[in-house]
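Trainee:
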Amino acid sequence: MNLSLDTILTNARELVSRLRRDDATADTAYGDDLAELNDISTHRPKQAILYNIQKENRLIKQLQKENEELKQLVTEHRSVLEKIMFKYRQHVQQLQLMEEKEKMAVQLFNTGLSQEIQEKASKIQEMASIMQRAITIDDTNSATQEKRINALLLENRGLKEILAVHENMHSHKQLPPVPAQSQTNEMTTDEPISSSSPQEIPS
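Just so we're aligned: the sequence shown equals residues 1 to 203 in UniProt numbering.
1. Spatial neighbours of T7 within its chain, please: C-beta separation below 7 Å, excluding the five flanking residues on both sides.
2. For residue 275, does the count of other Cβ atoms within 10 angstroms reach 16, so buried, or fall short, so exposed?
3. According to the Cβ coordinates, are H77 and A35 closer than 7 Å?
4. Which residue wins for smallest C-alpha separation from L19, given the options L152, V74, A134 and E102?
5. With the cut-off set at 7 Å, would you say L63 and A26 are in Cβ contact?
6. Compare the beta carbon distance of E56 and D33 with 7 Å and say whether it is the shorter of the two.
7. Could you tell me how far apart the beta carbons of E66 and D22 are, in whole angstroms, since I believe they sit closer than 8 Å?
Okay, structure coming up:
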């Protein structure tokens with residue numbers, strides 16, 4: 001866009017300079033023609049004077065036509081330049097609005113992101129507190145369960161020891177069985193024994 005503006009401005013300056021040169025040339029030519037006509041009128045016939053006048057008129061008309069074309073070009077260039085500048089200003093305004101909207105969007109995004117980070121940090125802290133509490137409860141339960149297991153093991157060991165002592169005592173109290181022949185001999189040699197059956201030793 002800058003190159004186009006520079007080119008248009010350069011062309012406009014050239015056209016203005018050309019118009020000024022053409023105007024100066026036309027004025028000079030007109031002055032020269034008047035002087036020449038005055039000079040010719042004193043020395044040449046009227047036919048030559050009329051021919052020169054017609055020639056100069058054609059030249060003047062041609063210069064006027066070129067001047068009109070140049071003026072039209074200048075007007076068109078000015079119109080194009082105004083349109084370009086108008087579009088340029090609109091584009092700049094749009095860029096400014098977009099920049100402001102982008103800043104607002106970034107601010108909103110940063111605000112939302114900050115809030116989200118704070119919420120997640122709070123949730124993480126809450127979860128960490130819950131986990132710590134659960135670990136503490138689990139440790140307490142584990143310690144209680146371990147104490148209970150140790151107590152049960154100790155009780156089981158005591159019961160086993162009591163059972164072993166009881167079995168040992170029971171095994172010592174029981175007598176081995178007596179053969180029938182030995183029992184008959186004892187009955188014949190020893191003093192008389194009651195006819196009742198022998199009393200069993202309590203277990």
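Think of the CB as a built atom: it goes at the ideal place given N, C-alpha and C, for glycine as much as any other residue.
Mentor: In short:
1. Answer for T7: no residue qualifies.
2. Outside the displayed range of the chain (1 to 203) lies residue 275, so it cannot be described from this structure.
3. Inclusion of H77 and A35 in the CB contact set at 7 Å is not warranted, their separation being larger than that value.
4. Its Cα nearest to that of L19, the residue V74 stands out among L152, V74, A134 and E102.
5. Cβ atoms of L63 and A26: closer than 7 Å.
6. The answer is yes: Cβ separation under 7 Å.
7. Contact between E66 and D22 holds: their C-beta atoms lie close to 6 Å from each other, under 8 Å.
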